[in-house]
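Okay, structure first, notes after.
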Amino acid sequence: MSELRNQFEKEGFVIVDILTEEEIADYRQIMDAMLSEQKKSGDTEKHDSTFQHFGDDLSDFASENRQYYFHLLTKPNTEPIHHAFHHPKVLSVVEELIGPKLIVNNASILASNPGVIYQLGWHRDVIQIPEEEIEDRLFSADRFHNSVQINLPLVEESALWVVPGSHNRPNTPGEDAAFGGTRHYAPLDANMPGGVIVRLKAGQAVFYNNNLIHRGWSDEPTKIPRRTLHMGYHSATQPPTWHFYLLNADLLTPEYLNGLSPTMRQMMEEYLACREQYPRMEDTWQEAYA
Ligand SMILES: O=C(O)CCC(=O)C(=O)O
């Protein structure tokens, strides 16, 4: 097993340099055309983050004083940045971590302008699973978790916090106490033992097992914008997890697919073929699921 994979399995995350300076500048330029840093809101209210699975509309960016979560695939006018989702270095690291035949199942951007307080409580990415169906066996070292999530910032960031090594074991009593009885989002004032900030330079990515206990967080209003590509993949050599269903397949119409680059179109066709093979998200956390 490679050193990188070993570290990923032990800690639940790895940090890798991905983009060159030139690519960072290119990507920033594309991003600036979609999301303006000049746009300021007069809004002084405190907002909860949008429920990520719905996603925001690009045209709403910065109208409220909060972080935004944009789904880039299935949203027209985001095509100029789609090549980020098949960046060869990203794909080769994911392949090293979980295996070949990668299917993209999340391609988003986490974005905010300066001055935002962003607080998404501690959680594992099991929000799609009803709380009473979340069993400890899902967080076992014996179970292959067929999902890698990635944050690739175009501006340095320190928004993601993780509890290293928490991805393949159940909660400790201290973590249970911090969750306060829920298996979804912990209360915002939870004091999670062992939580650390993941500090990333622009162009560096964190690849994480999203069973890891993690959160998105800033204690104070941010001083710099957030422009972070956020992606998820699984390997088609094994059945997908519940994260696979994050893309809204209904929006992948023939008309939409026709407007994509040949590579992106092929990736979406592979996504749809996999969706046909595994149509039911609710099967994916059952014990009998292969
Ligand atoms: O980097 C972040 O803001 C956290 C994202 C997150 O918690 C998630 O996607 O589940």
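Read in order, the letters of the sequence shown correspond to residues 24 to 313 in the numbering used here.
All C-beta atoms, glycine included, are put in the ideal place defined by N, C-alpha and C.
In this text, all values refer to a predicted model and were calculated from it rather than measured experimentally.
What span of residues does the beta strand (DSSP E) with residue i cover, start to end?
i    : result
N129 : L125 to S135
Y91  : Y91 to H94
T251 : R249 to S258
F230 : Q227 to Y231
D40  : F36 to D40
I171 : Note that residue 171 is Val in the sequence shown here, rather than Ile. Unbroken beta strand (DSSP E) run through V171: V171 to P176.
Q142 : Q142 to H146
G322 : For the chain, the structure presents residues 24 to 313; residue 322 sits outside this window and is missing.
V23  : An answer regarding residue 23 cannot be provided, because it is not within the stretch 24 to 313 covered by the chain.
V185 : L183 to V185
Check this for me: beta carbons of residue i and residue j, under 9 Å apart or not?
i    : j    : result
G174 : L133 : Sequence check: residue 174 is Asn here, not Gly. In this structure, L133 lies closer than 9 Å to N174 by Cβ.
F36  : N234 : no
L252 : L275 : no
Y268 : Q151 : yes
Q114 : L81  : Reading off the sequence, residue 114 comes out as Leu, not Gln. Cβ atoms of L114 and L81: not closer than 9 Å.
T260 : P123 : yes
Q90  : G226 : no
A85  : S135 : yes
L125 : H257 : yes
S241 : Y141 : yes
W145 : I236 : yes
V178 : I121 : no
E180 : L223 : yes
M290 : V127 : yes
N191 : S163 : yes
E119 : L27  : yes
T245 : P137 : yes
With respect to 8 Å, is the separation between the Cβ of residue i and the closest non-hydrogen atom of ligand 1 below this value?
i    : result
D148 : yes
H253 : yes
L183 : yes
N232 : no
H237 : yes
Y141 : yes
N191 : no
N174 : yes
Q90  : yes
L12  : Missing from the structure shown is residue 12; the chain here goes from 24 to 313 and no further.
Since residue i is in the alpha helix (DSSP H), which residue starts that stretch and which ends it?
i    : result
R51  : E44 to M57
V117 : P111 to I121
L295 : P285 to Q300
| message | With three or more C-beta pairs closer than 8 Å as the rule, is the region 145-158 touching the region 284-294? | response | no
| Would the region 181-188 and the region 207-218 be scored as touching if the rule is three or more Cβ pairs under 8 Å? | With the rule of 3 Cβ pairs closer than 8 Å, the region 181-188 counts as touching the region 207-218.
| Between the region 203-211 and the region 91-98, are three or more C-beta pairs nearer than 8 Å? | no
| message | Extract the residue ranges of the beta strand (DSSP E) inside the region 179-214, only unbroken runs of 3 or more that lie entirely within it. | response | 183-185
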